[in-house]
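In the numbering used here, the protein residues as written are 24 to 206.
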Amino acid sequence: MTQNGVRKHTIVALVQDRPGVLNRIASMFRRRGFNIASLAVGASELPGLSRMTFVVAVENDQVLAQVTKQLRKVIEVVRVEDLTSEDIVARELCLVKVKAASANVRSEIIQVIELFRAKIVDVSADSVTVEITGDEDKIASILTLLKGFGIVEIMRTGRIAMVRGKKAPLKGREPVGAGKGAK
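Okay, structure coming up:
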């Protein structure tokens with residue numbers, strides 16, 4: 024995705040699951056002036072390793088190469104891959120609380136969310152909370168429609184991504200960079 028000459032890249036890293044790793048990586052990004060557009064971290068299929076998915080906005084391939092090079096230097100980073108040119112499945116989760124003071128408004132909100140296969144996960148006297156799962160464009164589209172009702176609060180995860188099919192770029196390779204000590 025390109026915007027104003029800046030391209031968003033999806034970078035996935037396997038990191039040792041230890042206290043302080045996220046802080047070290049975020050500090051590295053901050054010191055180098057790299058902006059993280061989104062970040063998601065969670066357990067991986069490999070014991071003792073977490074998977075981090077970054078979306079970074081960079082102006083050119085040299086900056087991207089610098090981002091991945093710097094990530095590989097962090098001791099706890101075991102593997103790094105740029106998935107941008109891969110055929111990937113990418114999703115985000117968004118919770119949005121919308122004003123809904125009447126049954127008519129709730130009914131209209133339900134019609135909107137059904138179009139996007141979203142779902143209501145909480146209802147109160149004056150609002151509904153909607154769960155949306157999908158790509159950035161889907162989430163942006165439904166949020167645009169829900170703004171007309173009055174958005175109270177939004178919370179989004181970062182992008183998570185996997186390569187389609189059997190290919191698993193982070194699996195089955197020798198560790199790279201300074202993180203080689205990870206098992």
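In this text, a Cβ means the ideal position worked out from N, Cα and C, and glycines have one as well.
- Residue pairing from DSSP places E104 in a beta bridge opposite V35.
- Runs of alpha helix (DSSP H) with 4 or more residues, each lying fully within the stretch 153 to 184, are found at 159 to 170, listed in chain order.
- M75 counts as buried, since at least 16 other C-beta atoms from the protein chains shown sit within 10 angstroms of its C-beta.
- Its chain contains V79 and V90 as the residues whose beta carbon lies nearer than 7 Å to that of F57, once the 5 sequence neighbours on both sides are disregarded; these appear in chain order.
- Contact annotation, G28 with E82: C-beta distance approximately 6 Å; criterion of less than 8 Å satisfied.
- For the pair L116 and T33, the CB atoms are not nearer than the 8 Å cut-off.
- Put simply, the backbone Cα of D149 is about 20 Å away from that of T167.
- Put simply, the stretch 124 to 140 does not touch the stretch 83 to 103. Fewer than three CB pairs are less than 8 Å apart.
- If you check the CB distance, L37 and L87 do not come in under 8 Å.
- Spatial neighbours of D158 in its own chain (CB-CB distance under 8 Å, excluding positions within 5 residues in sequence) are listed in chain order as A113, R114 and E115.
- Under the DSSP definition of a beta bridge, F77 partners with I34 and L62.
- Here the C-alpha atom of V144 lies approximately 12 Å from the C-alpha atom of I133.
- Around the beta carbon of E99, 16 or more other beta carbons lie within 10 angstroms, which makes this residue buried.
- DSSP, reduced to helix, strand and coil, places D145 within a strand of the structure shown.
- As computed with DSSP, E115 is found in a beta bridge with G157.
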